[in-house]
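Novice: What the sequence shown shows, in the working numbering, is residues 1 to 463, in sequence order.
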Amino acid sequence: MRLSDEACGQARALIASRLGLDFGENRRADLERGLLNACRRSSVASGPEAYLAWLASLPDQSAEWRRLASHLTVGETYFFRDHALFEALEQRVLPSLIEARRSEAILRLRLWSAGCATGEEPYSLAILLDRLLPDCSEWVLTILATDINPNALDVARRGLYREWSFRDTPQWIRDRYVHRRGAETFEVDPRIRRMVTVAPLNLAEDGYPSVVTNTSAMDVILCRNVLMYFTPEAQRGTVARLHRALVSGGWLAVSPAEASAELFRPLAPVNYPGAMLYRKESGSVPSLLPGWAAETVVSEAPAPSLSPCAPSGLVTPPSPVASLSEPPEGLPRMGTDLQRARALADQGKLEEARELCEAALSRDRLAPEPHLLLAAICQERGEIPAAVEALRRVIYLVPDSAPAHFLLGSLLLRQGQRQRARRSMETVVSLLSSAPRDEAVAGGDGLTAGRLVETARAYLELR
């Protein structure tokens with residue numbers, strides 16, 4: 001069955017505006033196949049035209065739009081896909097970040113696989129960090145894995161894969177980090193799985209970066225083979241949000257086919273043989289690392305194999321944390337402690353941000369906003385019990401604080417307390433279902449009621 005030209009045009013425009021996906025004439029067959037499959041599985045049985053009309057009446061964060069996305073997006077990937085990129089991460093990017101953090105005595109890194117599909121990429125990142133950090137257990141590591149496709153996220157959360165997902169993975173990695181669970185099923189080691197947080201997110205939407213969704217202050221973001229399927233408008237919006245999500249000196253990795261000096265400006269292009277990365281420049285870090293070329297043309301090189309021997313741990317004397325007597329450059333001097341704390345947290349300066357939250361609380365222990373921001377800061381610092389305690393204080397002070405219930409639910413999910421997490425997300429839905437969808441949620445870091453309630457519903461859909 002084929003869509004009429006008129007219906008196909010309507011579908012293209014609607015999907016571009018809601019999901020950011022670009023289905024030109026060369027992808028008409030993909031659009032028709034995905035749309036018709038979604039239509040057949042929906043409660044609308046009178047044909048694709050009626051299905052499109054129904055979709056148009058639904059908010060773009062609704063469950064049906066997420067189900068349609070699962071039919072329109074293809075998440076084919078495998079472990080350590082693109083050896084050139086992982087060599088760049090292993091040999092250059094991560095060691096430079098690790099050395100910088102050791103020198104600051106801040107053992108913390110935040111990585112984000114944006115558009116993670118079925119999860120092979122974020123688990124590859126977790127394996128890489130485990131190899132690079134001999135003292136891995138002493139670090140606070142965040143590896144966020146997000147995707148719009150709920151079926152793909154279910155696979156990622158379970159960490160169970162077929163042989164095909166390891167088709168280009170060295171045998172020693174498989175021996176060390178993967179366990180056979182049947183004739184054709186392999187499980188990622190539970191310790192590696194615990195390093196990854198799986199969460200639903202549509203990159204084309206504007207609900208990030210945010211401390212509420214744990215999408216701010218990232219050191220490294222991988223967003224590969226995603227932007228090429230977006231409309232130009234969606235590409236520009238997504239790159240702008242990813243830029244804001246990075247700390248100063250942070251890295252964004254894309255596929256070589258997506259490289260564009262114009263699109264990624266003001267990020268600085270950094271070329272590594274066979275890989276393309278962009279960097280959010282910082283005055284405290286050299287613009288180029290030794291061995292890197294400041295060229296935008298990607299050179300071809302044979303894919304190197306990952307060696308079983310990780311670089312030795314980098315140890316440098318710690319230096320004291322910068323004084324809080326003067327706000328960092330670029331931050332408002334006349335703002336409140338809470339405003340400064342939020343700006344510092346967005347830059348990854350969590351220790352200074354926490355001190356300012358405590359200063360605000362010393363003046364008013366019953367103010368919920370500092371407790372909420374403190375919870376988000378504690379989450380990023382890996383202090384989960386302290387984050388939960390701060391959130392319980394917020395809920396005691398403001399029982400209908402949807403952001404507090406949402407953050408608590410996401411933390412409980414990370415701890416494996418799925419039933420309690422579910423109750424928290426159900427509370428978010430209950431609190432916000434009758435609120436105007438475009439209304440900003442108090443304490444929600446700019447998130448609207450519609451964004452937050454549908455994100456909570458997406459969590460509830462994860463099996």
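Glycine is no exception: its CB is placed at the ideal position from the N, C-alpha and C atoms.
Computed from a predicted model, the values in this text were never measured in an experiment.
(1) For the alpha helix (DSSP H) that contains Asp5, what are its first and last residues?
(2) Indicate the three-state DSSP secondary structure (helix, strand or coil) for Thr146 in the structure shown.
(3) Roughly how many angstroms separate the alpha carbons of Phe264 and Tyr278, rounded to a whole number?
(4) Please list, in chain order, all residues of the same chain as Ile127 whose beta carbon is under 7 Å from its beta carbon, the five residues on each side excluded.
(5) So what does DSSP say about Ser323, is it helix, strand or coil?
(6) For Met218, which three-state DSSP category applies?
(7) Determine whether the beta carbon atoms of Leu222 and Ser113 lie at a separation below 8 Å.
(8) Which parts of the segment 20 to 94 are runs of the alpha helix (DSSP H), unbroken and 4 residues or longer, counting only runs that do not cross its ends?
(9) Across which residues does DSSP place Leu344 in a beta bridge pair?
(10) Give the single residue among Arg342, Leu14, Glu454, Ala105 whose Cα lies nearest to the Cα of Thr499.
(11) Just verifying my parser: in three-state terms, what is the DSSP assignment at Ala353?
(12) Rounded to whole angstroms, what is the Cα-Cα separation between Arg92 and Gln339?
(13) Going by DSSP, which residues form a beta bridge with Val254?
(14) Are Leu85 and Ala268 close, meaning C-beta to C-beta below 8 Å?
(15) Quick check on Asp400: buried or exposed, where buried means 16 or more other Cβ atoms within 10 Å of its Cβ?
(16) I'd like to check one pair, Thr213 with Thr455: are the Cβ atoms closer than 8 Å?
(17) Under the rule that 16 or more other beta-carbon atoms within 10 Å means buried, what is Ile179, buried or exposed?
(18) Looking at the secondary structure, which residues open and close the beta strand (DSSP E) in which Leu227 lies?
(19) What residue range does the alpha helix (DSSP H) around Val429 cover?
(20) I'd like the span of the beta strand (DSSP E) that includes Phe166, first residue to last.
(21) Once DSSP output is grouped into helix, strand and coil, what is the label at Gly313?
(22) Leu460: which of Ser137, Thr427, Arg437 sits nearest, CA to CA?
(23) Would you say the segment 153 to 172 touches the segment 183 to 197, given that touching needs at least three Cβ pairs under 8 Å?
(24) If I follow the unbroken alpha helix (DSSP H) through Arg457, where does it start and stop?
(25) Taking only runs of the alpha helix (DSSP H) that begin and end inside the segment 357 to 426, which ones reach a length of at least 4 residues, in chain order?
(26) In the DSSP assignment, find the alpha helix (DSSP H) that holds Arg437 and state where it starts and stops.
(27) Does the distance from the C-beta atom of Gln10 to that of Leu52 stay below 8 Å?
(28) Exposed or buried, Ala376, counting other C-beta atoms within 10 Å across all chains shown (16 or more means buried)?
(29) Starting from Pro190, follow the alpha helix (DSSP H) in both directions and report where the run begins and ends.
(30) Give me, in chain order, the residues of the same chain whose beta-carbon lies closer than 6 Å to that of Gln379; leave out the 5 immediate sequence neighbours on both sides.
(31) For Ser210, which three-state DSSP category applies?
(32) Taking 8 Å as the cut-off, decide whether the C-beta atoms of Phe79 and Phe23 are in contact.
(33) Using the beta-carbon count (16 or more within 10 Å), is Leu366 buried or exposed?
(34) So, with DSSP's three-state summary, where would you put Thr336?
(35) Identify whether Trp139 lies in helix, strand or coil by the three-state DSSP scheme.
(36) Can you give me the C-alpha to C-alpha distance between Val394 and Asp337, rounded to a whole angstrom?
Specialist: So, from the listed chains and residues:
(1) On the sequence shown, residue 5 is found 5 positions in, with the first residue counted as 1. Annotation for Asp5: the continuous alpha helix (DSSP H) segment containing it runs 5 to 19.
(2) Translated into the one-based positions of the sequence shown, residue 146 becomes position 146. Looking at Thr146 - three-state DSSP - the assignment turns out to be strand.
(3) Within the sequence shown, numbered from 1, the residue matching residue 264 stands at position 264. Within the sequence shown, numbered from 1, the residue matching residue 278 stands at position 278. If you take the alpha carbons of Phe264 and Tyr278, they lie about 8 Å apart.
(4) On the sequence shown, residue 127 is found 127 positions in, with the first residue counted as 1. Once the five neighbours on either side are set aside, the close Cβ partners of Ile127 are Ile173, Tyr177, Ile192.
(5) In the sequence shown, counting from the first residue as 1, residue 323 sits at position 323. Reliability of the predicted coordinates at Ser323 is poor, the pLDDT of 35 falling under 50, and the value obtained from them is presented with this limitation in mind. The answer is coil: DSSP assigns Ser323 none of H, G, I, E or B.
(6) Here residue 218 refers to the residue found at position 218 of the sequence shown. When secondary structure is reduced to three states using DSSP, Met218 falls in the strand class.
(7) On the sequence shown, position 222 is the one that residue 222 refers to. On the sequence shown, position 113 is the one that residue 113 refers to. Closer than 8 Å, so yes.
(8) Segments of the alpha helix (DSSP H) lying fully in the segment 20 to 94: 28 to 40, 48 to 57, 63 to 72, 83 to 88.
(9) What you label residue 344 is simply residue 344 of the sequence shown in a count that begins at 1. Leu344 pairs with nothing; no bridge assigned.
(10) What the structure shows of the chain is the stretch from 1 to 463, and residue 499 is not part of that stretch, so it cannot be assessed.
(11) To locate residue 353, count along the sequence shown from 1; it is residue 353. Correct three-state label for Ala353: helix.
(12) To locate residue 92, count along the sequence shown from 1; it is residue 92. To locate residue 339, count along the sequence shown from 1; it is residue 339. Rounded to whole angstroms, Arg92 to Gln339 spans 35 Å at the Cα level.
(13) Here residue 254 is taken as the residue at index 254 of the sequence shown, counted from 1. In DSSP, Val254 forms a bridge with Met276.
(14) Residue 85 sits at position 85 when you count from the first residue of the sequence shown. Residue 268 sits at position 268 when you count from the first residue of the sequence shown. No Cβ-Cβ contact shorter than 8 Å links Leu85 with Ala268.
(15) For the purposes of this step, residue 400 is taken as the residue at position 400 of the sequence shown. With fewer than 16 other Cβ atoms within 10 Å, it is exposed.
(16) Walking along the sequence shown from the start, residue 455 turns up at place 455. Walking along the sequence shown from the start, residue 213 turns up at place 213. Yes, the pair counts as a contact, with Cβ atoms nearer than the cut-off.
(17) Numbered from 1 along the sequence shown, position 179 holds the residue referred to as residue 179. The sequence given here places His at residue 179; Ile does not occur at that position. Under this definition His179 is an exposed residue.
(18) Numbered from its first residue, the sequence shown carries residue 227 at position 227. DSSP places Leu227 outside any beta strand (DSSP E), giving it a letter other than H or E.
(19) Translated into positions along the sequence shown, residue 429 becomes position 429. The continuous alpha helix (DSSP H) containing Val429 extends over residues 418 to 432.
(20) Here residue 166 refers to the residue found at position 166 of the sequence shown. From DSSP, Phe166 is part of no beta strand (DSSP E); its letter is neither H nor E.
(21) One-based indexing of the sequence shown puts residue 313 at position 313. For Gly313, the predicted structure reports a pLDDT of 35, less than 50, and the residue's modelled location is therefore unreliable. A value from the coordinates is still provided. In the structure shown, Gly313 falls within a coil segment according to DSSP collapsed to helix, strand and coil.
(22) The residue given as residue 460 occupies position 460 in the sequence shown. From the listed residues Ser137, Thr427, Arg437, the smallest Cα separation to Leu460 is found for Thr427.
(23) Yes, the segment 153 to 172 is in contact with the segment 183 to 197.
(24) Numbered from its first residue, the sequence shown carries residue 457 at position 457. Annotation for Arg457: the continuous alpha helix (DSSP H) segment containing it runs 449 to 461.
(25) Counting only runs of 4 or more, we get 368 to 380, 384 to 397, 402 to 414.
(26) Counting from 1 along the sequence shown, the entry for residue 437 is found at position 437. In the DSSP assignment, Arg437 falls outside any alpha helix (DSSP H), carrying neither H nor E.
(27) Translated into positions along the sequence shown, residue 10 becomes position 10. Translated into positions along the sequence shown, residue 52 becomes position 52. Cβ atoms of Gln10 and Leu52: closer than 8 Å.
(28) Your numbering for residue 376 matches position 376 in the sequence shown. Ala376 is buried by the Cβ-count criterion.
(29) Reading the sequence shown from its first residue, position 190 is the one you call residue 190. Secondary structure note for Pro190: its alpha helix (DSSP H) is the uninterrupted segment 190 to 193.
(30) Along the sequence shown, one-based indexing puts residue 379 at 379. Only residues of its own chain outside the window of five on either side were considered, and among them Ala387 have a CB closer than 6 Å to the CB of Gln379, listed in chain order.
(31) For the purposes of this step, residue 210 is taken as the residue at position 210 of the sequence shown. DSSP places Ser210 outside both helix and strand once states are collapsed to three, so it counts as coil.
(32) Along the sequence shown, one-based indexing puts residue 79 at 79. Along the sequence shown, one-based indexing puts residue 23 at 23. The Cβ-Cβ distance between Phe79 and Phe23 does not fall below 8 Å.
(33) Looking up residue 366 in the sequence shown gives position 366. Within a 10 Å sphere around the beta-carbon of Leu366 sit fewer than 16 other beta-carbons, which makes this residue exposed.
(34) For the purposes of this step, residue 336 is taken as residue 336 along the sequence shown, with counting starting at 1. DSSP places Thr336 in coil when its eight states are reduced to three.
(35) Within the sequence shown, numbered from 1, the residue matching residue 139 stands at position 139. Looking at Trp139 - three-state DSSP - the assignment turns out to be coil, as it is neither helix nor strand.
(36) Indexing the sequence shown from 1 puts residue 394 at position 394. Indexing the sequence shown from 1 puts residue 337 at position 337. In this structure, the straight-line span from the alpha carbon of Val394 to that of Asp337 is close to 18 Å.
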